[in-house]
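Each residue of the sequence shown is one higher than the one before, counting from 8 in our numbering.
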Amino acid sequence: MNIIDTHIHLYLPEFEDDLPKLFDEAIQVGVSKFLLPAIDSTTHEHLLSLTSSYPSHFYPMMGLHPTSVNQNYMDELAIVQHYLKNYSFVAIGEIGIDLYWDKTFEKQQREAFKIQAQWAREMSLPLVIHSRNSLDIIVGLLDELGYKGLEGVFHCFSGTLEQALHVISKGFYLGIGGVITYKNSSLPSIIAQLPPDYIVVETDAPYLPPVPYRGKRNLPAWIEFTVKKLAEIWKVLPEVAAKITTENALRLFKKL
Numbered sequence: 008m009n010i011i012d013t014h015i016h017l018y019l020p021e022f023e024d025d026l027p028k029l030f031d032e033a034i035q036v037g038v039s040k041f042l043l044p045a046i047d048s049t050t051h052e053h054l055l056s057l058t059s060s061y062p063s064h065f066y067p068m069m070g071l072h073p074t075s076v077n078q079n080y081m082d083e084l085a086i087v088q089h090y091l092k093n094y095s096f097v098a099i100g101e102i103g104i105d106l107y108w109d110k111t112f113e114k115q116q117r118e119a120f121k122i123q124a125q126w127a128r129e130m131s132l133p134l135v136i137h138s139r140n141s142l143d144i145i146v147g148l149l150d151e152l153g154y155k156g157l158e159g160v161f162h163c164f165s166g167t168l169e170q171a172l173h174v175i176s177k178g179f180y181l182g183i184g185g186v187i188t189y190k191n192s193s194l195p196s197i198i199a200q201l202p203p204d205y206i207v208v209e210t211d212a213p214y215l216p217p218v219p220y221r222g223k224r225n226l227p228a229w230i231e232f233t234v235k236k237l238a239e240i241w242k243v244l245p246e247v248a249a250k251i252t253t254e255n256a257l258r259l260f261k262k263l
């Protein structure tokens, strides 16, 4: 199999003790490329250092994560802009709006998203969108910005069938991870009603591990559980599901 993990936080402390071993295990199950989304200025340097250590496998994004947006968000965005001007990235992300934990800075999150989406348009880079409890708001902002020159993926998609169809109709992709293996997930029935050519796979490791590892640190190799679940839904071999999602990722992330 040839799998592209479109969203994984390998630079976080959860992986500092055993990353080489976990990397080898992921390679063994067929993962060839790992896309690393940015969070904020506390991790940007480590992200870039790590991707330079594995240049043919790790690919960096740049952006300001919505839960890192506060009253000083313009200072953080200036740092993002500096990196965008001086380094090469495969996407702008992860960016978006998160209203699950706190709504204090919703206005600032909206502004940060619009600014970064405009940068993505200017640089011809895809967006990697975090839309926790905010999918309709983000779709509204994209409607406002206009879709011309914008493309991207809704990371860890958790919306309805109607939302999925709308997102796909605008040329955006859905990032699917371990949640699709959960017993009460609505994703299997939704995915079954969508065209496969707008689905990409991700782990979001160390978060959101698949069944049977819920509650544990998510590992890079466990992306195979998501691929196998998609294969089951699509009634194809896992190798075919991997091929479909990898081709989709290469179509979206043109710098890979």
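Yeah, the Cβ is synthetic: ideal placement off N, Cα and C, and Gly gets one too.
In this text, all values refer to a predicted model and were calculated from it rather than measured experimentally.
- [ ] On the DSSP bridge assignment, give the partners of His-137 in chain order.
- [x] Stepping through the sequence shown from its first residue, residue 137 is reached at position 130. DSSP output for His-137 lists Gly-103, His-162 as bridge partner(s).
Task: Inside the segment 163-244 only - alpha helix (DSSP H) runs reaching at least 4 residues - done: The segment 163-244 is shown to contain whole alpha helix (DSSP H) runs of 4 or more residues at 168-176, 194-198, 230-241, in chain order.
Open item on the list: Along the chain, where does the alpha helix (DSSP H) containing Asp-150 start, and where does it finish?
Closed with: Taking the sequence shown and counting its residues from 1, the one referred to as residue 150 is at position 143. Note, Asp-150: alpha helix (DSSP H), 142-152.
Task: Every unbroken alpha helix (DSSP H) inside the segment 32-108 [4 residues or more] - done: 51-60, 80-93
Open item on the list: What does the Cβ neighbour count give for His-89, buried or exposed, with the cut at 16 atoms within 10 Å?
Closed with: If you number the sequence shown from 1, residue 89 lands on position 82. His-89 is exposed by the Cβ-count criterion.
Open item on the list: Please state the DSSP three-state secondary structure of Ile-15.
Closed with: What you label residue 15 is simply residue 8 of the sequence shown in a count that begins at 1. Secondary structure at Ile-15: coil, using DSSP grouped into helix, strand and coil.
Task: Proximity below 8 angstroms, CB of Gly-147 to CB of Phe-161 - done: Taking the first residue of the sequence shown as position 1, residue 147 is located at position 140. Taking the first residue of the sequence shown as position 1, residue 161 is located at position 154. Result no, Cβ atoms of Gly-147 and Phe-161 do not sit closer than 8 angstroms.
TODO: Could you tell me whether the Cβ atoms of Phe-103 and His-137 are closer together than 8 angstroms?
DONE: In the sequence shown, the residue the question calls residue 103 occupies position 96. In the sequence shown, the residue the question calls residue 137 occupies position 130. The sequence given here places Gly at residue 103; Phe does not occur at that position. Remark: C-beta atoms of Gly-103 and His-137 approach each other more closely than 8 angstroms.
TODO: For Ser-39, collect the residues of the same chain with a Cβ closer than 6 angstroms to its Cβ; drop the 5 residues on either side in sequence, then sort them by chain order.
DONE: Position 32 of the sequence shown, counting from 1, holds the residue named residue 39. Spatial neighbours of Ser-39 in its own chain (CB-CB distance under 6 angstroms, excluding positions within 5 residues in sequence) are listed in chain order as Asn-9.
TODO: To the nearest angstrom, report how far apart Met-130 and Pro-219 are at their CA atoms.
DONE: Indexing the sequence shown from 1 puts residue 130 at position 123. Indexing the sequence shown from 1 puts residue 219 at position 212. Looking at the two C-alpha atoms, the distance is approximately 40 angstroms.
Open item on the list: The alpha helix (DSSP H) that contains Glu-129, what's its start and end?
Closed with: Position 122 of the sequence shown, counted from the first residue, corresponds to residue 129. Glu-129 -> alpha helix (DSSP H) spans 113-130.
Open item on the list: Check this for me: beta carbons of Pro-227 and Thr-210, under 8 angstroms apart or not?
Closed with: In the sequence shown, counting from the first residue as 1, residue 227 sits at position 220. In the sequence shown, counting from the first residue as 1, residue 210 sits at position 203. For Pro-227 and Thr-210, yes; Cβs fall inside 8 angstroms.
Open item on the list: To the nearest angstrom, how far is the alpha carbon of Ala-238 from that of Ile-198?
Closed with: Position 231 of the sequence shown, counting from 1, holds the residue named residue 238. Position 191 of the sequence shown, counting from 1, holds the residue named residue 198. When rounded, the distance between both Cα atoms is 11 angstroms.
Open item on the list: Buried or exposed for Ala-119, going by 16 or more other Cβ atoms inside 10 Å?
Closed with: For the purposes of this step, residue 119 is taken as residue 112 along the sequence shown, with counting starting at 1. Sixteen is the threshold: when 16 or more other Cβ atoms of the shown chains lie within 10 Å of the Cβ of Ala-119, as they do, the residue is buried.
Task: Beta-carbon spacing of Tyr-180, Ile-144 below 8 angstroms - done: Position 173 of the sequence shown, counting from 1, holds the residue named residue 180. Position 137 of the sequence shown, counting from 1, holds the residue named residue 144. The answer is no: Cβ separation not under 8 angstroms.
Task: Leu-201 and Ile-175 closer than 8 angstroms at C-beta - done: To locate residue 201, count along the sequence shown from 1; it is residue 194. To locate residue 175, count along the sequence shown from 1; it is residue 168. Result yes, Cβ atoms of Leu-201 and Ile-175 sit closer than 8 angstroms.
Task: Alpha carbon of Ser-95 to alpha carbon of Val-234, nearest angstrom - done: The sequence position of residue 95 within the sequence shown is 88, counting from 1. The sequence position of residue 234 within the sequence shown is 227, counting from 1. Rounded to the nearest angstrom, the two C-alpha atoms are 29 angstroms apart.
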